[in-house]
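Those protein sequences? They're chains A, B and C, same order as listed. Just so you know, we're using our numbering here: the first sequence kicks off at 71 and counts up by one. Just so you know, we're using our numbering here: the second sequence kicks off at 439 and counts up by one. Just so you know, we're using our numbering here: the third sequence kicks off at 835 and counts up by one.
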Amino acid sequence: MLDAHVEFSHLTMAFGSRPIFADLSCRFPRGQVSVVLGGSGSGKTTMLRLIGGLVTPSAGGILVDGDDVARLSERELFRVRRKLGMMFQGGALLDSMTVYDNLALPLREQGGRSEAEIAEEVRDRLAAVGLPDAEGLLPGQLSGGMVKRAALARAIIRRPTILLVDEPFSGLDPISTRRIESVLLEVNRRSGITMLVVSHDVPSTMRMADWLMLLLPGRVAEGEPGALAHGADPEVTEFLAGDAA
Amino acid sequence: MSGGWVQDLGAAALRFVLDLGGLAVFAGRIGRALVTPPLRFRAFLDELYKLGVLSFVVITVCGLAVGMVLGLQGYNTLARFGATGSLGAVVGLSLIRELGPVLTALLATGRAGSATTAEIGTMVVTEQLDGLRMMSIDPVHFVVMPRATAMLTVMPLLSGLFIVTGLFGGYLVGVAFMGLDGGSYLSSLESSVDFRDDVLGSLVKAVVFGLLVGLVSTYRGFRSAPTSAGVSAATTSTVVVGSVTILLVDYVITALWGV
Amino acid sequence: MTRAPARDFLVGCFVLAGIAAIGYLSVRVGGLAGGPPGGFKLYASFDEIGGLKRRAPVVVSGVEVGQVTAITLDESYRARVELDLTPGLALPVDTSASIVTEGVLGDRYIQLQLGGDTQFLENGEDLSFTESAVIIERMIGKLIHNVGIDADGKTEPEE
């Protein structure tokens, strides 16, 4: 039986008259790396934003560790978000602050830690993502891959139990892609954090995912990657064999 | 199709009212943020620098220019009535009551207001505000509050500087160029300007304008569409809406204060 | 937290400059708290105050000693003016108050002419001698009227 950390319950989402998903119910297992695959415009990023409470669904529920995020007020959401970390596609680091200050910010805002304790946490995360020397740099001075890793470090600074990752490989060369992939897997291995990764890149997905959700036009296919790739569904096998547009 | 323009007008009016409502709610959020710790003094000081210090040159140069024009125009007009001794009063009252607060506010809207809107709008596009939300940080508290309060603080200071450089400009033209007696310029100025009627009203205007520009510029940035076209539209809106509102509110305050 | 001492210094200078500008405008130009201290109140009644305003100065021998703080109508429809003066002024009971104009078309103010009595006015007392404001339009009207009478060969002109 799947121990669900995040669950969608009859989720329906539409932007104006454009439907994204209809009556979607699924579960993302605890402690594992789940990847949501789909072409552009399939609603993958919206899914993460729904989980984070940045957007409310047209209908249905989104359960994050038991709390229905769709029904919570902004203040209650702030509490739930402590369990979440989000790594944005563009990094979303504050460009007027150094990498160190960007990572320290959520800890400082939370309060209760001394500067020395904060320094320890920041440096630990930077080391975990392979950016030990980057702390004094501004986001504008970082390469694409470095921005992603700094964003990852910030996303895990508060030791969340669920990590939401939006297109971690977009705009990266194959070497940087591999690097991010290994960092993500390492983080999952070290801390047992539940990861929800949204991606359009099939090869890295097949390497990374413990659980796969495929957003096809009109329907959704879920399961273990191996099972789906060699399964009976031709649309699915074709998708996973070729490149997702 | 004659119904068309009526519908458009109705739609525009509705949008305007909704926008006003949105602005009021936003103002409420900023107010709540002000009474919630932390104080964000560092960010406030940074904004004072960006909005105040960086506007200093624009304001003083324009103030000097306006003062000199007033001096010139004032002298020429007063000379026809043989009353050039009142130049100090003419320049002073014009600057203090109207031109100081209004022109300062318009210049600040164009320079500092649009910069604030563009900055916040860009943060929307790059998901920085969403990033803050995900870290359980209220973007209104973190980003908007220091900027709005800095604008409110900076406006009366800039207005005072504008007026003083303007008075100097008038002095320059009247005394150095036109040969008026310096003492009579200053005494005419000092005897005709009253703190309660003139200077205080000027300060009240500057504070109100600061509040308006602070509110409008941050609101537009916050609500900008997450595209570069959206940011551009938001910035334009700040300047246009801000300027029109300043001039309208100026009339209201002038009418009420004169009572 | 990023420290920027140079910037902070400029911000400090800017704020000080702004406050100095406002201070100059308020105190030197606007005359805030520039007047002499008050407390010593006297009253004067006039038939005609002709444009005298509140906060108009009260002058003795050319020196400002206070200001007009209130103007009301009394039961006989005369204008009762309240003067707020520097405490400690020794004004004889026969001091007179007249309303004079600055220049020909300027603002009105109150001029106190000292009398010669040995008794002095107390706080809250009324001045016995007052001279109302001269309304220049009426004077001109009278002059035209008198000139008209003269030209018609009537009797001597009025005062």
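Beta carbons: idealized from backbone N, C-alpha and C, even for Gly.
Query                                                                                                                                                                                 : Result
Using 8 Å as the limit for Cβ to Cβ distance, is Arg-571 (chain B) near chain A?                                                                                                      : yes
In the structure shown, what three-state DSSP assignment does Val-863 (chain C) receive?                                                                                              : helix
Taking only the alpha-carbon atoms, compute the straight-line gap between Asp-568 (chain B) and Leu-164 (chain A) and give it to the nearest angstrom.                                : 11 Å
Give the straight-line distance between the Cα atoms of Ile-668 (chain B) and Leu-124 (chain A), rounded to the nearest whole angstrom.                                               : The displayed chain sequence assigns Gly, not Ile, to residue 668 (chain B). Taking the straight line joining both Cα atoms gives about 19 Å.
Could you list which residues in chain B have their beta carbon closer than 7 Å to that of Ala-148 (chain A), in chain order?                                                         : Residue identity check: residue 148 (chain A) is Phe in the sequence provided, not Ala. Result: Ser-574.
Do Val-651 (chain B) and Met-572 (chain B) have their CB atoms nearer than 8 Å?                                                                                                       : no
How many angstroms separate the CA atom of Ser-860 (chain C) from the CA atom of Val-592 (chain B)?                                                                                   : 18 Å
If we call anything under 8 Å between Cβ atoms a contact, is Val-169 (chain A) one with Ala-197 (chain A)?                                                                            : no
Between the alpha carbons of Asp-171 (chain A) and Leu-595 (chain B), how many angstroms are there, rounded?                                                                          : 32 Å
Report the residue from A:Leu-120, A:Asp-135, A:Leu-94 and A:Leu-285 whose alpha carbon sits nearest the alpha carbon of Thr-264 (chain A).                                           : A:Asp-135
Can you tell me the Cα-Cα spacing of Leu-477 (chain B) and Thr-554 (chain B), whole angstroms?                                                                                        : 20 Å
Starting from the Cα of Leu-641 (chain B), find the closest Cα among B:Leu-686, B:Thr-515, B:Val-578 and B:Leu-537 and give me that residue.                                          : B:Leu-537
Going by DSSP in three states, Val-968 (chain C) sits in which element: helix, strand or coil?                                                                                        : coil
Decide if the stretch 224 to 239 of chain A is in contact with the stretch 175 to 185 of chain A; the criterion is three or more beta carbon pairs, one per stretch, under 8 Å apart. : yes
Could you please give me the residues that DSSP links to Glu-292 (chain A) through a beta bridge?                                                                                     : A:Met-283
8 Å is my cut-off, CB to CB: does Tyr-911 (chain C) come that close to chain B?                                                                                                       : no
Taking all protein chains shown into account, decide if His-979 (chain C) is buried (16 or more other Cβ within 10 angstroms of its Cβ) or exposed.                                   : exposed
Rounded to the nearest angstrom, what separates Arg-90 (chain A) and Leu-81 (chain A) at their Cα positions?                                                                          : The sequence as given places Ile at residue 90 (chain A); Arg does not occur at that position. Answer to the nearest angstrom: the Cα atoms are 10 Å apart.
Using the Cα positions of Gln-180 (chain A) and Trp-443 (chain B), report the straight-line distance between them to the nearest angstrom.                                            : 53 Å
What are the boundary residues of the alpha helix (DSSP H) that includes Gly-639 (chain B)?                                                                                           : 638 to 660
Only counting runs of 3 or more residues, tell me where the beta strand (DSSP E) segments fall wholly within the stretch 910 to 985 of chain C, in order along the chain.             : 913 to 919, 930 to 935, 942 to 947 and 963 to 965
Against chain B, with Cβ distances strictly below 8 Å, would Ala-162 (chain A) count as a contact?                                                                                    : yes
If we define contact as Cβ-Cβ less than 8 Å, is Ile-534 (chain B) a contact residue for chain C?                                                                                      : yes
Since Leu-605 (chain B) sits in a beta bridge, which residues does DSSP pair it with?                                                                                                 : In the DSSP output, where bridge partners are listed per residue, Leu-605 (chain B) has none listed.
Can you give the Cα-Cα distance for Leu-531 (chain B) and Arg-152 (chain A), rounded to whole angstroms?                                                                              : 58 Å
Could you have a look at Ser-95 (chain A) and say whether DSSP puts it in helix, strand or coil?                                                                                      : strand
Going along the chain, which residues of its own chain have a beta-carbon closer than 8 Å to the beta-carbon of Met-71 (chain A), five neighbours each way excluded?                  : Its pLDDT being 42, under 50, Met-71 (chain A) is placed unreliably in this model, and the value from its coordinates should be taken loosely. Contacts found: none.
Can you look up Asp-34 (chain A) in the DSSP assignment and give me helix, strand or coil?                                                                                            : This structure gives no information on residue 34 (chain A), because the portion of chain A shown stretches from 71 to 315.
Name the chain B residues whose beta carbon is nearer than 7 Å to that of Arg-152 (chain A)?                                                                                          : Ser-574
Three Cβ pairs or more, each shorter than 8 Å: is that satisfied between the stretch 514 to 530 of chain B and the stretch 624 to 637 of chain B?                                     : yes
Output yes if chain A places a C-beta closer than 8 Å to the C-beta of Glu-565 (chain B); else output no.                                                                             : yes
I'd like to know whether the C-beta of Asp-842 (chain C) is nearer than 8 Å to at least one C-beta of chain B.                                                                        : yes
I want to verify the contact list: residues of chain C whose CB lies under 7 Å from the CB of Phe-494 (chain B), in sequence order.                                                   : Phe-848
Taking any Cβ of chain B, which residues in the stretch 116 to 136 of chain A have a Cβ under 7 Å from it, in chain order?                                                            : Gly-122 and Leu-124
Just to confirm my understanding: we take Thr-906 (chain C), look at its own chain, exclude 5 residues before and 5 after, and list those with CB closer than 7 Å. What are they?     : Arg-914
Could you give the DSSP three-state label for Asp-484 (chain B): helix, strand or coil?                                                                                               : helix
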